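A.B. asks: What follows is a single structure, and I will ask about it in a moment.
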Amino acid sequence: MKTIQSHILSGALFAVATNALKNGLALTPQLGWNTWNSFGCDLNETVILDTAERIISLGFKDLGYEYVIIDDCWSAGRNESGYHIADATKFPNGIAHVAGKVHDLGLKIGIYSSAGTMTCGRFEGSLHYEKQDAELWASWGIDYLKYDNCYNEGEEGTPKISFDRYNAMGKALNATGRQILYAICNWGVDGPWNFAPTIANSWRTSGDLANVWDRDDVNCPCAEMEGLDCKLPGWKCSILNVLNKAAYYPSKAYPGAWNDLDMLQVGNGGLTDDEAVAHFSLWAAVKSPLLMTNVMTKIDAKTLSILQNPAVLAVSQDPLGSTPSRRWRYFVDDSGKYGHGEIQLHTGPLSGGDQLVLLLNAASKPREMNATLVDIFWLNGAEGTADQVQQSWDVYDLWGNRMSDEAAEAIIKASSSSSSANRTAGYNLEAMGGSKKVYSQTPSASSKMLMGSKVGTVRPSGTVKVHVPAHGVAMLRLRAKNQKDEL
Ligand code: GAL
Numbered sequence: 001m002k003t004i005q006s007h008i009l010s011g012a013l014f015a016v017a018t019n020a021l022k023n024g025l026a027l028t029p030q031l032g033w034n035t036w037n038s039f040g041c042d043l044n045e046t047v048i049l050d051t052a053e054r055i056i057s058l059g060f061k062d063l064g065y066e067y068v069i070i071d072d073c074w075s076a077g078r079n080e081s082g083y084h085i086a087d088a089t090k091f092p093n094g095i096a097h098v099a100g101k102v103h104d105l106g107l108k109i110g111i112y113s114s115a116g117t118m119t120c121g122r123f124e125g126s127l128h129y130e131k132q133d134a135e136l137w138a139s140w141g142i143d144y145l146k147y148d149n150c151y152n153e154g155e156e157g158t159p160k161i162s163f164d165r166y167n168a169m170g171k172a173l174n175a176t177g178r179q180i181l182y183a184i185c186n187w188g189v190d191g192p193w194n195f196a197p198t199i200a201n202s203w204r205t206s207g208d209l210a211n212v213w214d215r216d217d218v219n220c221p222c223a224e225m226e227g228l229d230c231k232l233p234g235w236k237c238s239i240l241n242v243l244n245k246a247a248y249y250p251s252k253a254y255p256g257a258w259n260d261l262d263m264l265q266v267g268n269g270g271l272t273d274d275e276a277v278a279h280f281s282l283w284a285a286v287k288s289p290l291l292m293t294n295v296m297t298k299i300d301a302k303t304l305s306i307l308q309n310p311a312v313l314a315v316s317q318d319p320l321g322s323t324p325s326r327r328w329r330y331f332v333d334d335s336g337k338y339g340h341g342e343i344q345l346h347t348g349p350l351s352g353g354d355q356l357v358l359l360l361n362a363a364s365k366p367r368e369m370n371a372t373l374v375d376i377f378w379l380n381g382a383e384g385t386a387d388q389v390q391q392s393w394d395v396y397d398l399w400g401n402r403m404s405d406e407a408a409e410a411i412i413k414a415s416s417s418s419s420s421a422n423r424t425a426g427y428n429l430e431a432m433g434g435s436k437k438v439y440s441q442t443p444s445a446s447s448k449m450l451m452g453s454k455v456g457t458v459r460p461s462g463t464v465k466v467h468v469p470a471h472g473v474a475m476l477r478l479r480a481k482n483q484k485d486e487l
């Protein structure tokens, strides 16, 4: 029989082993901004620093966005000692200088490379240079690595081969002693949701996300991940296509290890307001990293009020870190094709015993949608037996308190002012004790900022009924009625 002491001892040993494997980062999905979708290879020091300043002055940092990530096209090869050098035209003062400036603003900085001999833009990659590159980035003050999959010399085809190639960089990053968030970008090849959770903080689940809600696309043929017969990652995949692939493995994610459905396309044109709201809601709900890619100096009011919805961000950053599951999916238009004319229910637990309900209407007409408590709590017990089904629930619409266009315009106007004193405060989460701290607690029912607005109550064994726009979502938070209103 084990003594109490030996229990404590084995617990301590376990904790040490766990820490050696994981870096303690991304306990909630990472929030930030990346250069790629808007700037491609036209990036430079000015782009990074102007964006970082806007992230502060527009109030994004107050909401928890913290990583500013330099994507592809920053490298100018290696020097004689084999060290990466930054493109001196784009970064005349070097990347360590940019990192210092970003840190001075209270933000963190990320960089990009490929687990291949070249990046996808055909710049220098890091395969076989993992240790040297990780050490250099740590010396520059880098806090985040996005690690791509181009030109990998054929080192893929089984999960083990991919694992080994990506593990080499994970180990090298850990060995630097600097906390560097490790984001794998291998587009879902070899099923990273199976091999990456123990070595990385996130892994891309499919090919690049296009700035489009839904389309038939020969470049992205795998609409489904049923079985593993869909080996192609695809590229320029629509929002629905990427969502429908990721819906098959929510349970693989956990705090510190997330499914990455690719960067946000909110604010890049191409989506209606309802589609952009749905895209942001879905990505937040399924616990994808939320990396903005819009041009911050040209942000418009609607984009700001989507990316700055604290009630939705509180779901993304929920301390429980649970990824909801898709309960059902029906085709309501007559196209009969995957990704077109369908409706879905995604649901799962939030902290404090709350429940997330996300109803997606991907069809071309607005509709009334229903979700029964039996479906909403389907994972808590055999059909209809969950205790939660026998309770009453208050229903909160997480978009019910969206910032007005006028308020967003005022923030945008003030952010371009040279004087920080002129800044109009947006959602003042910092005043409430800092965004991370705010999100780490179950929101009080009276916090409109974090709860949205109450839209009704569901009785025991009842049904949530809600109007959902075409190509849109309803994103709801259910709170048990017998709970005290003020937590
Ligand atoms: C792709 C990657 C993109 C972007 C691009 C840069 O492979 O998925 O997000 O990083 O490479 O070349």
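Heads up, the sequence shown stops at 487 in the UniProt record's numbering, and the numbers go up one at a time, no gaps.
Heads up, the beta-carbon is just placed ideally off N, CA and C, and yes, glycines get one too.
Here the structure is a predicted model, which means the values were calculated and not measured.
Taking three-plus beta-carbon pairs below 8 Å as touching, is the stretch 128-142 in contact with the stretch 175-187?
C.D. replies: Counting Cβ pairs under 8 Å, three or more are found: they touch.
A.B. asks: Which of the three DSSP states is assigned to residue 490 in this structure?
C.D. replies: In this structure the chain extends from 1 to 487, so residue 490 is not present and cannot be described.
A.B. asks: Could you give the first and the last residue of the continuous beta strand (DSSP E) run that contains S453?
C.D. replies: 453-458
A.B. asks: Going by the CB atoms, is the gap between S447 and D62 shorter than 8 Å?
C.D. replies: no
A.B. asks: Identify whether L228 lies in helix, strand or coil by the three-state DSSP scheme.
C.D. replies: With a pLDDT of 43 at L228, under the threshold of 50, the modelled position of this residue cannot be trusted, and the question is left open.
A.B. asks: Going along the chain, which residues of its own chain have a beta-carbon closer than 8 Å to the beta-carbon of L398, five neighbours each way excluded?
C.D. replies: S281, N309, A311, V312, V315, M451, G452, M475, L476, R477
A.B. asks: Quick one: any contact between the stretch 404-419 and the stretch 359-367, if contact means 3 or more CB pairs under 8 Å?
C.D. replies: No, the stretch 404-419 is not in contact with the stretch 359-367.
A.B. asks: Thinking S38 and V357 are a contact (beta carbons under 8 Å), I'd like their distance in whole angstroms, please.
C.D. replies: Incorrect: roughly 33 Å between the Cβ atoms, too far for contact.
A.B. asks: With a cut-off of 8 Å, do at least 3 Cβ pairs link the stretch 147-155 to the stretch 92-106?
C.D. replies: Under the Cβ criterion (8 Å, minimum of three pairs), the stretch 147-155 does not count as touching the stretch 92-106.
A.B. asks: Along the chain, which unbroken stretches of the alpha helix (DSSP H) at least 4 residues long are found entirely within the UniProt domain "Alpha galactosidase C-terminal" (341-406)?
C.D. replies: 373-376
A.B. asks: Tell me whether I55 sits in a helix, a strand or coil according to DSSP, three-state version.
C.D. replies: I55 carries a helical assignment under DSSP once its states are collapsed to helix, strand and coil.
A.B. asks: Return the bridge partner residues of M118 from the DSSP annotation.
C.D. replies: DSSP lists E124 as partners of M118.
A.B. asks: How close, in whole Å, do the beta carbons of W235 and C220 come, if the pair is a contact with beta carbons under 8 Å?
C.D. replies: 6 Å
A.B. asks: Can you tell me the Cα-Cα spacing of I343 and A407, whole angstroms?
C.D. replies: 33 Å
A.B. asks: Among the residues of its own chain, which have a CB less than 7 Å from the CB of A480, if the five just before and after it don't count?
C.D. replies: G353, Q391, W393
A.B. asks: I believe T303 touches H471 by the beta-carbon criterion, under 8 Å. Please report the beta-carbon distance rounded to the nearest angstrom.
C.D. replies: Not confirmed; about 17 Å, so no contact.
A.B. asks: W213: which of D318, K160, G270 sits nearest, CA to CA?
C.D. replies: Closest in alpha carbon position to W213, among D318, K160, G270, is G270.
A.B. asks: Among G256, R122, D274, D262, whose alpha-carbon lies nearest the alpha-carbon of N186?
C.D. replies: D262
A.B. asks: How long is the line joining the alpha carbons of R122 and E45, rounded to whole angstroms?
C.D. replies: 21 Å
A.B. asks: May I ask you to list the residues that DSSP assigns as paired with I69?
C.D. replies: N34, G110
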